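One structure is given below, encoded as structure tokens.
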Amino acid sequence: MSSIITIDKLCLWYGSQQALKNVSIDIPDKSITALIGPSGCGKSTFLKTLNRMNDLIPGIRITGSVKYGETDIFNFATDVSELRRQIGMVFQKPNPFPMSIYDNVAYGPRTHGVKGKAKLDDIVERSLRDAAIWDEVKDRLKKNALSLSGGQQQRLCIARALAVEPAVLLMDEPTSALDPISTSKIEELALQLKDKYTIIIVTHNMQQAVRISDNTAFFLLGELVEYGATEKLFSQPVDKRTEDYITGRFG
Amino acid sequence: MLNGKLSRKRRGYIGLMRALMYAFAALTCALVLFLIAYVLVKGVPNISWELLSTSPSYLTERIGILPDILNTVYIVIATLLIVLPLGVGAAIYLTEYAKNKRVVAVIEYAAETLSGIPSIIYGLVGMLFFCQFLGMQTSLLAGALTLVIMNLPTIMRTTQESLKTVPQSYREGAFGLGAGKWRVIRTVVLPGCVDGIITGCILSVGRILGESAALLFTAGFAHALNGIFEGLTSAGATLTVALYVYAKEQGEFGAAFAIAAILMGLTLVINLAAALTQRYFRRKKAL
Amino acid sequence: MRSRFDEQLALLNKELIEMGALCEEVIALSSKALTAADKELAKKVAPLDAEIDQKERNIESMCLKLLLQQQPVASDLRQISAALKMITDMERIGDQAEDIAEIVCFLDGRSAENDDLMREMARTTIQMVTESVDAFVKHDIMLAEKVIADDDTVDAFFDQVKTKLIKKIGKEPSDGEYALDLLMIAKYFERIGDHAVNIAEWVIFSVTGVHKEE
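Residue numbers (my numbering), protein chains in the order written: chain P, 1381 to 1631; chain B, 6 to 292; chain L, 6 to 219.
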């Protein structure tokens, strides 16, 4: 399996505090990669670097390279808007816009220049189907998105991200704010999506990582401690720190 | 063991305090009611269709406040047209774009201070700067510009408050989809702020209607009946200024109280409009 | 962290060691009953086997509960799943020892004629069981490998016993039943050896994560 994102010696500082230390990792295409680790280990920071969402935070310094395909994403010539179209993001707390369901999903395509009602209708339907929520909302596309339940809102956010046809989907603890049933719906969804998309998911829930991911990366204090096939990492971890973390012997 | 009863002295004290508070509240209400009643009683009998629809005529010794009404309208329109883009734009800059926290703090402090300066000083400065230095002479436009400076802090503050209530997660979501900064502001942030901006507008209109001292120096007291463009470039009295002139300089207390009654009515209407608008938007947001 | 889990794992360990000790005891008893042709000794085996069966049920339910409650991963998971498999083999060892004791009762006082060979086989088998339990207690892979290697010795002994007994049946056809009883006892010892090997293989799995498939 080829790598779609290659990270080499990535370091990141928030002011004087170093949050990522020399992280190097190759993310394989069309698979699910899980990022695990205790709170504050840098996994969310790492995720947000991949689509340059960290640009929004002042005072950040980055060294090292992140290559998406052949392109260095920190190059001045890189169009950030296009980068974020191809590398989409789903956040921890569902954040649909205070607009109709239709407008939420159509927001991305409209941003990138898609006009014409027929075309947008198509995209909205396709995205909502891909996110396994079409049947639940097809009769109320004009209703405000905030009227949906938490789990539905999160699937709507996934549909919104899928609407621009990304290649990679970044998910930052997407189910931590949801009930068990919504959580398993979204896990099922991720497993279906990995045929078409590369998914990188940050999760606190190790059982979730074991259930759905192909590869797992364990972060600790800003370092990438271990990275490998999920089954192997969880049954025979190489590094003792990994073993201690996954067996719950330290927080 | 807990003794459930208070001592007589304590009960007396509590009772006295409560009575005192009631008295103060009653006094406040009474003052307001007295004021409203006095003005209405003295003013309403003087309001007639003739008063409202004609301009003053020395020949027939008739008093008409139509030009004053029109001047007020022109000044409100002119002020709003200028202060809204300036105030909203400044607020957007401060909340969304400015990175240096100290600069933002300085600008906000300056705006706060501006709103506290006595309005007659604005009048003086406006007269010297707009009327004499920029050569606008005594005109409604000079008055409008002076009012712009006075109302800028209000618009800025209400817009900023509104912008701050928009959750950061909306912006993140929009950025994550590849939208640029201005698009994010235009499509996700501003729509949520419209209610705050409108409220700020209404409050400003209230302030403009009530302003007299600043306009005295800058807009003058003419009673000519003009169209909007001519009106803006010439001197004119607004309702408040007219009130002053009729009361102090012409001794026409009847007309003065009539204007006072009208102004009071307008104030009540404005306040009601502001409250209703807020309630409407709050209900809309709760959906 | 997870001190309750650690306590439960320690308890599991303790139960497994006790079950291992019972296995050692039960075959030593059977083997002694055989060589001394002691029926009374043989009768003591059945209740021990019942204890072993009970232990198997206890440890099995303990393991299932741990799997449910604690969702173990990595070494914890290996330890618990190895335990689940080992108790099966240990329980079979107990059954085999009981079968041997049963036959001793039928032998009715005749001590084993192929004394040396049977005694050697019994001794090696007992040693294999002891060492496999030891290997588990000490997480000793080397010892486990030794147990696996020793199985060849036991198999060789069994072939030798078989050959001798065939000759004996040829010479004294009327004593066939006795010869067959001895053959069955030898077979049981050989099976016990196989079970000890299984235990050793699971010990290696719990430490390294690799389970040898023959």
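For glycine and all other residues, C-beta sits at the position ideal for the given N, C-alpha and C. Quantities reported herein were computed from a predicted structural model and do not represent experimental measurements.
Are the Cβ atoms of VAL1548 (chain P) and ILE1467 (chain P) separated by less than 8 Å? In contact: VAL1548 (chain P) and ILE1467 (chain P) (Cβ atoms closer than 8 Å).
Return no unless some Cβ of chain A is closer than 8 Å to the Cβ of GLN76 (chain L). Although the question refers to chain A, the structure presented lacks it and instead comprises the protein chains P, B and L.
Answer yes if the region 218 to 229 of chain B comes into contact with the region 120 to 135 of chain B, meaning at least three C-beta pairs across the two stretches below 8 Å, and no otherwise. Contact between the region 120 to 135 of chain B and the region 218 to 229 of chain B is present: three or more C-beta pairs spanning the two stretches fall below 8 Å.
Candidates L:LEU72, L:ASP160, L:ILE105, L:GLN101, of which the one nearest LEU89 (chain L) by Cα: Comparing Cα positions, the closest option is L:LEU72.
In the region 174 to 238 of chain B, which residue ranges form an unbroken beta strand (DSSP E) of at least 3 residues, counting only runs that do not cross its ends? The region 174 to 238 of chain B contains no whole beta strand (DSSP E) run of 3 or more residues.
Under 8 Å, do LYS19 (chain L) and CYS110 (chain L) count as touching if we go by C-beta distance? Cβ atoms of LYS19 (chain L) and CYS110 (chain L): not closer than 8 Å.
Backbone CA spacing between GLY205 (chain B) and GLU166 (chain B) [nearest angstrom]: Note on geometry: alpha-carbon atoms of GLY205 (chain B) and GLU166 (chain B) lie some 10 Å from one another.
Identity of the residue in B:PHE180, B:LYS169, B:GLY178 nearest GLY201 (chain B) by Cα: Comparing Cα positions, the closest option is B:LYS169.
Between ARG7 (chain L) and chain P, is the shortest Cβ-Cβ distance under 8 Å, so that the two count as touching? Residue contact with chain P for ARG7 (chain L): present (Cβ-Cβ distance below 8 Å to some residue of chain P).
To the nearest angstrom, report how far apart ILE1387 (chain P) and ASP1619 (chain P) are at their CA atoms. The straight-line gap from Cα to Cα measures roughly 21 Å.
Does the region 81 to 101 of chain L come close enough to the region 14 to 24 of chain B to have 3 or more Cβ pairs within less than 8 Å? Taking 8 Å as the limit for Cβ pairs, the verdict is that the region 14 to 24 of chain B does not touch the region 81 to 101 of chain L.
In three-state terms, what does DSSP make of VAL171 (chain B)? It is coil, neither helix nor strand.
Residues of the region 1482 to 1503 of chain P with a CB closer than 7 Å to any CB of chain B: list them in chain order, please. Result list: TYR1487, GLY1488, THR1491, HIS1492.
By the 9 Å beta-carbon criterion, what residues does the region 77 to 109 of chain B contribute toward chain P? Against chain P - using a Cβ distance shorter than 9 Å - the residues of the region 77 to 109 of chain B are LYS104.
If you drop the 5 nearest sequence neighbours on each side, which residues of the same chain put their C-beta closer than 7 Å to that of GLU219 (chain L)? Note that GLU219 (chain L) scores 48 on pLDDT, short of 50, meaning its location in the model is unreliable; the coordinates nonetheless yield the value given after this. Residues of the same chain with their beta carbon placed closer than 7 Å to that of GLU219 (chain L) are lacking, with the five preceding and five following residues left out of the count.
Closer than 8 Å between beta carbons: that is the criterion. Which residues of the region 1462 to 1474 of chain P meet it against chain B? Contact residues of the region 1462 to 1474 of chain P toward chain B are GLU1462, LEU1463, ARG1464, ARG1465, GLY1468, MET1469, PHE1471, LYS1473 (C-beta to C-beta distance below 8 Å).
From the DSSP output, in three-state form, read off PHE1456 (chain P) for me. Coil, per DSSP.
Report buried or exposed for ASN203 (chain L), applying the criterion of at least 16 other Cβ atoms within 10 angstroms of its Cβ. By the Cβ-count criterion, ASN203 (chain L) is buried, with 16 or more other Cβ atoms from all chains shown falling within 10 Å of its own Cβ.
For PHE1634 (chain P) and GLN173 (chain B), what's the separation of their Cα atoms in angstroms? As displayed, chain P neither begins before 1381 nor continues past 1631, which places residue 1634 (chain P) out of reach and without an answer.
Mind pulling the chain L residues with CB within less than 8 Å of THR1627 (chain P)? Identification of chain L residues near THR1627 (chain P) by a Cβ-Cβ cut-off of 8 Å yields ARG7, PRO77, VAL78, ALA79, SER80, ASP81, ordered along the chain.
Taking the straight line between their C-alpha atoms, what separation do you get for VAL166 (chain L) and SER86 (chain L)? For VAL166 (chain L) and SER86 (chain L), the distance between alpha carbons rounds to 36 Å.
Coil, strand or helix - GLU219 (chain L) by DSSP: Residue confidence is low: GLU219 (chain L) scores 48 on pLDDT, short of 50, so the model does not pin down where it sits. Its coordinate-derived value is still stated next. Coil.
Only counting runs of 3 or more residues, tell me where the beta strand (DSSP E) segments fall wholly within the region 1508 to 1579 of chain P, in order along the chain. The beta strand (DSSP E) runs of length 3 or more contained entirely in the region 1508 to 1579 of chain P are, from start to end of the chain, 1548 to 1552.
Between L:ARG124, L:ILE171, L:SER8, L:LYS176, which has its C-alpha nearest SER35 (chain L)'s C-alpha? The shortest Cα separation from SER35 (chain L) among L:ARG124, L:ILE171, L:SER8, L:LYS176 belongs to L:ARG124.
What does DSSP give as the partner residues of PRO1408 (chain P) in its beta bridges? Looking at the DSSP assignment, PRO1408 (chain P) forms a beta bridge with P:SER1383.
So, are the CB atoms of ILE264 (chain B) and LEU281 (chain B) less than 8 Å apart? Their beta carbons are not under 8 Å apart, which means ILE264 (chain B) does not touch LEU281 (chain B) by this criterion.
Do you know how far the Cα of ARG1591 (chain P) is from the Cα of ILE1626 (chain P)? The alpha-carbon atoms of ILE1626 (chain P) and ARG1591 (chain P) are separated by roughly 14 Å.
Give me the chain L residues within the contact set of PRO1617 (chain P), using Cβ-Cβ distance strictly less than 8 Å, ordered along the chain. Result: ALA79.
ILE64 (chain L), DSSP secondary structure in three states: Residue state, collapsed to three classes: helix.
Distance CB(ILE68 (chain B))-CB(LEU56 (chain B)) smaller than 8 Å: Contact annotation: ILE68 (chain B) and LEU56 (chain B) have beta-carbon atoms nearer than 8 Å.
Looking at the structure shown, is GLN1472 (chain P) part of a helix, part of a strand, or coil, going by DSSP? Residue state for GLN1472 (chain P) is assigned as coil, using DSSP reduced to three classes.
Rounded to whole angstroms, how far is the Cβ of GLN1472 (chain P) from the Cβ of SER1556 (chain P), which I believe are closer than 8 Å? About 6 Å separates the two Cβ atoms, so the contact holds.
Excluding five sequence neighbours on each side, which residues of the same chain lie with their C-beta closer than 8 Å to the C-beta of VAL159 (chain L)? MET126, THR129, THR130, MET133, PHE194, GLU195, GLY198, listed in sequence order.
Can you name the residues that DSSP bridges to ASN1595 (chain P)? Its beta-bridge partners are P:THR1413, P:ALA1609.
Proximal residues, the region 1415 to 1434 of chain P versus chain B, C-beta separation under 9 Å: If the cut-off is 9 Å between Cβ atoms, the region 1415 to 1434 of chain P has ASN1431, MET1433 near chain B.
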